[in-house]
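Structure first, commentary second.
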Amino acid sequence: MTTVEDALTRPDPATTRRARRVAVHTFRPRRSWPAFIVGALIVAVAGLAAAEVISTLVGSPLRILPVDKAADYAGSARWNDPSVQVASAVLALIGLVLISLALVPGRGRWTVLRTDDPALVVGLSRAGMRRALTAAACEVDGVRGASVRVGRRRVKVRAETVLRHAGDLPAQVRAAVQGRLDELDPVRKPKVRAQVRYAKA
Amino acid sequence: MTVGKRARRSARGNRWGLALVGLLLVLAGAAALATGWGLFGVGPARSALVGAPIVDGLRRPWVPYVVAAVAIVVALLALRWLVVQGRTDTVGRLRMDPGDEGGTTEMPAGVARSVFEEEIGDYAGVRRARAHITESGVDPQLRVDLTLNDDADASAVWRRIRAEALDDLRTSLELERLPAVIRMSMTAPPRNPRRELV
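Now the structure itself:
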């Protein structure tokens, strides 16, 4: 529900757009774990390589890595060997996975709520969104329990009732959940679908 | 500074780093596959991975030094990338406006936080509130983690935070602006509800 104050101070569309962009970017997945894993692997490989080369130059080679075996293999294997081709394909595939991780925005754990204020970013956890909508569905008269699945574009509500004839219960549940959703005001507004299941009393 | 600038910058760096490493792997793998399929000629396809010309090239005296230097640089860059992941954007001390005497006052962030957390904790529907000062000691921002009851009016809670608690904190810290990130999660209402007057 908007207060009089909120209605009077509605900002211009440019600020609203900026607020939405900042908020969405704030809650986008940061890819920390892939970055950590890739970084750790690079440190390990490059560090070992540097250690091996430097120790060999100094005169007391460490020989942690199997350099001799690798050199033998590299000398005898050919580019059109199946093992080499499989290994290169795997390498390219891993590279594609990393690129897609970088380019795909990702869903994130937080649903961004609209604030129209670039200095205030509000997010609701995915479980929290589910709980709030489930609570809204359960508030309808006649609904004994409900389960909600929140997707990117759709919210599916399955309500359970012990009533014999539901009448317009699906519509009521849909309206209740839609009302709660409007109250929360996420930046992306999913459509609500409600289904009623008749359970034994 | 816009909200969460440090965090967003590190997120963007991560994506760039992943894209770069991914691109290198794709190029290397694709080049190896192409060589094997004969796209660079039948000769290279049948030749060994590290054949005679490459071995001669590797025998040159400066090669080990260059390899070692490149490996060290790469390792250090990757190490920095690793370390950045562990860093949080929380700030421990706030720097207050320097007075006329020219000195600066530093205040531990905990003082401002606990007052704020207590104030919010009393709002209707709020079960738990945790606040952290982020970004910098001079231009601080706020990150608030809330746990609400699932029948609480989330919208009303954050509007109230903006109108009351956030404004109070901002004036008490003598700041012109205090950007904030609020993260709300929900939990079932308590069995024995607290008597709430507000």
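First to last, the protein sequences are chains H and P. Residue 158 in the UniProt record's numbering sits at position 158 of the first sequence, with consecutive numbering throughout. Residue 59 in the UniProt record's numbering sits at position 59 of the second sequence, with consecutive numbering throughout. Ideal Cβ positions, reconstructed from N, Cα and C, are used throughout, including at glycine. Just so we're clear, the structure is a prediction, and the values are computed from it rather than from any experiment.
Could you tell me the distance, in whole angstroms, from the CA atom of residue i to the CA atom of residue j?
{"i": "Lys5 (chain P)", "j": "Glu135 (chain P)", "result": "7 angstroms"}
{"i": "Val67 (chain P)", "j": "Ala50 (chain H)", "result": "7 angstroms"}
{"i": "Asp68 (chain H)", "j": "Pro61 (chain H)", "result": "12 angstroms"}
{"i": "Leu175 (chain P)", "j": "Arg143 (chain P)", "result": "16 angstroms"}
{"i": "Leu96 (chain H)", "j": "Thr90 (chain P)", "result": "34 angstroms"}
{"i": "Asp151 (chain P)", "j": "Leu65 (chain H)", "result": "60 angstroms"}
{"i": "Val84 (chain P)", "j": "Ser10 (chain P)", "result": "8 angstroms"}
{"i": "Pro11 (chain H)", "j": "Ala19 (chain H)", "result": "10 angstroms"}
{"i": "Asp139 (chain P)", "j": "Val122 (chain H)", "result": "20 angstroms"}
{"i": "Val162 (chain H)", "j": "Leu23 (chain P)", "result": "58 angstroms"}
{"i": "Val181 (chain P)", "j": "Ala163 (chain P)", "result": "15 angstroms"}
{"i": "Trp16 (chain P)", "j": "Ser185 (chain P)", "result": "30 angstroms"}
{"i": "Thr134 (chain H)", "j": "Gly29 (chain P)", "result": "49 angstroms"}
{"i": "Val86 (chain H)", "j": "Asn80 (chain H)", "result": "10 angstroms"}
{"i": "Pro64 (chain P)", "j": "Leu57 (chain H)", "result": "8 angstroms"}
{"i": "Leu39 (chain P)", "j": "Pro13 (chain H)", "result": "54 angstroms"}
Compare the C-alpha of residue i against each of the options and name the closest.
{"i": "Pro179 (chain P)", "options": "P:Arg170, P:Ser185 and P:Thr187", "result": "P:Arg170"}
{"i": "His165 (chain H)", "options": "H:Ala199, H:Glu183, H:Arg188 and H:Ala135", "result": "H:Ala199"}
{"i": "Arg158 (chain H)", "options": "H:Leu41, H:Arg152, H:Ala71 and H:Arg174", "result": "H:Arg174"}
{"i": "Asp168 (chain H)", "options": "H:Val187, H:Asp182, H:Val143 and H:Arg149", "result": "H:Val143"}
{"i": "Ala112 (chain P)", "options": "P:Arg95, P:Ala124, P:Gly125 and P:Val126", "result": "P:Arg95"}
{"i": "Leu148 (chain P)", "options": "P:Arg15, P:Pro189, P:Ala75 and P:Pro61", "result": "P:Pro189"}
{"i": "Ser43 (chain H)", "options": "P:Leu79, P:Met186 and P:Ala31", "result": "Before going on, a small fix: residue 43 (chain H) reads as Val here, not Ser. That would be P:Leu79, whose Cα lies nearest to the Cα of Val43 (chain H)."}
{"i": "Arg28 (chain H)", "options": "P:Met107, P:Gly125 and P:Arg8", "result": "P:Arg8"}
{"i": "Val88 (chain H)", "options": "P:Ala32, P:Ala165 and P:Val157", "result": "The sequence given here has Ser at residue 88 (chain H), not Val. The shortest C-alpha separation from Ser88 (chain H) is found at P:Ala32."}
{"i": "Pro190 (chain H)", "options": "H:Val22, H:Arg130 and H:Pro82", "result": "H:Arg130"}
{"i": "His132 (chain P)", "options": "P:Glu117, P:Val126 and P:Gly125", "result": "P:Glu117"}
{"i": "Leu58 (chain P)", "options": "H:Gly75, H:Arg193 and H:Val58", "result": "H:Gly75"}
{"i": "Arg188 (chain H)", "options": "H:Glu139, H:Arg152 and H:Trp33", "result": "H:Arg152"}
{"i": "Leu25 (chain P)", "options": "H:Pro170, H:Val38 and H:Pro13", "result": "H:Val38"}
{"i": "Gly86 (chain P)", "options": "H:Ala40, H:Val53, H:Ala23 and H:Arg107", "result": "H:Ala40"}
{"i": "Arg114 (chain H)", "options": "P:Ser155, P:Thr105, P:Met107 and P:Leu27", "result": "P:Ser155"}
{"i": "Glu160 (chain H)", "options": "H:Gly179, H:Glu139 and H:Val150", "result": "H:Glu139"}
{"i": "His25 (chain H)", "options": "P:Arg12, P:Thr187 and P:Gly43", "result": "P:Arg12"}
{"i": "Thr88 (chain P)", "options": "H:Ser32, H:Val45 and H:Ala92", "result": "H:Ser32"}
Hey, residue i and residue j are a contact pair by Cβ (cut 8 angstroms); roughly how many whole angstroms apart?
{"i": "Leu124 (chain H)", "j": "Thr111 (chain H)", "result": "5 angstroms"}
{"i": "Gly121 (chain P)", "j": "Ala129 (chain P)", "result": "5 angstroms"}
{"i": "Val177 (chain H)", "j": "Ala137 (chain H)", "result": "5 angstroms"}
{"i": "Arg160 (chain P)", "j": "Tyr123 (chain P)", "result": "6 angstroms"}
{"i": "Asn14 (chain P)", "j": "Arg30 (chain H)", "result": "6 angstroms"}
{"i": "Pro118 (chain H)", "j": "Val3 (chain P)", "result": "7 angstroms"}
{"i": "Leu101 (chain H)", "j": "Leu18 (chain P)", "result": "5 angstroms"}
{"i": "Val192 (chain H)", "j": "Leu184 (chain H)", "result": "Not a contact, Cβ separation roughly 12 angstroms."}
{"i": "Leu103 (chain H)", "j": "Val21 (chain P)", "result": "Not really, about 13 angstroms apart at Cβ, beyond 8 angstroms."}
{"i": "Val126 (chain P)", "j": "Leu146 (chain P)", "result": "6 angstroms"}
{"i": "Ala75 (chain P)", "j": "Gly47 (chain H)", "result": "5 angstroms"}
Using the rule of at least 16 other Cβ atoms within 10 Å of the residue's Cβ for burial, across every protein chain shown, is residue i buried or exposed?
{"i": "Gln195 (chain H)", "result": "exposed"}
{"i": "Arg183 (chain P)", "result": "buried"}
{"i": "Asp141 (chain H)", "result": "exposed"}
{"i": "Val90 (chain H)", "result": "exposed"}
{"i": "Trp81 (chain P)", "result": "buried"}
{"i": "Thr15 (chain H)", "result": "exposed"}
{"i": "Pro34 (chain H)", "result": "buried"}
{"i": "Val168 (chain P)", "result": "The amino acid at residue 168 (chain P) is misidentified as Val; the sequence shows Asp. The residue in question, Asp168 (chain P), is exposed, as its Cβ has fewer than 16 Cβ neighbours within 10 Å."}
{"i": "Ala69 (chain P)", "result": "exposed"}
{"i": "Glu52 (chain H)", "result": "buried"}
{"i": "Ala132 (chain H)", "result": "buried"}
Are the C-beta of residue i and some C-beta of chain H separated by less than 8 angstroms?
{"i": "Met184 (chain P)", "result": "yes"}
{"i": "Ser136 (chain P)", "result": "no"}
{"i": "Leu25 (chain P)", "result": "yes"}
{"i": "Leu33 (chain P)", "result": "yes"}
{"i": "Thr2 (chain P)", "result": "yes"}
{"i": "Trp81 (chain P)", "result": "yes"}
{"i": "Ala112 (chain P)", "result": "no"}
{"i": "Gly29 (chain P)", "result": "yes"}
{"i": "Trp158 (chain P)", "result": "yes"}
{"i": "Val74 (chain P)", "result": "yes"}
{"i": "Val181 (chain P)", "result": "yes"}
{"i": "Gly41 (chain P)", "result": "no"}
{"i": "Ala165 (chain P)", "result": "no"}
Could you confirm whether any beta carbon from chain P is found closer than 8 angstroms to the beta carbon of residue i?
{"i": "Pro186 (chain H)", "result": "no"}
{"i": "Ile42 (chain H)", "result": "yes"}
{"i": "Gln85 (chain H)", "result": "yes"}
{"i": "Leu98 (chain H)", "result": "yes"}
{"i": "Gly161 (chain H)", "result": "Contrary to the premise, residue 161 (chain H) reads as Thr rather than Gly in this sequence. No, no contact with chain P."}
{"i": "Ser125 (chain H)", "result": "yes"}
{"i": "Ser60 (chain H)", "result": "no"}
{"i": "Val122 (chain H)", "result": "yes"}
{"i": "Arg158 (chain H)", "result": "no"}
{"i": "His165 (chain H)", "result": "no"}
*asked:* At a CB distance below 7 angstroms, what residues from the stretch 44-73 of chain P approach chain A? Give them in sequence order.
replied: No chain A is present in this structure, whose protein chains are H and P.
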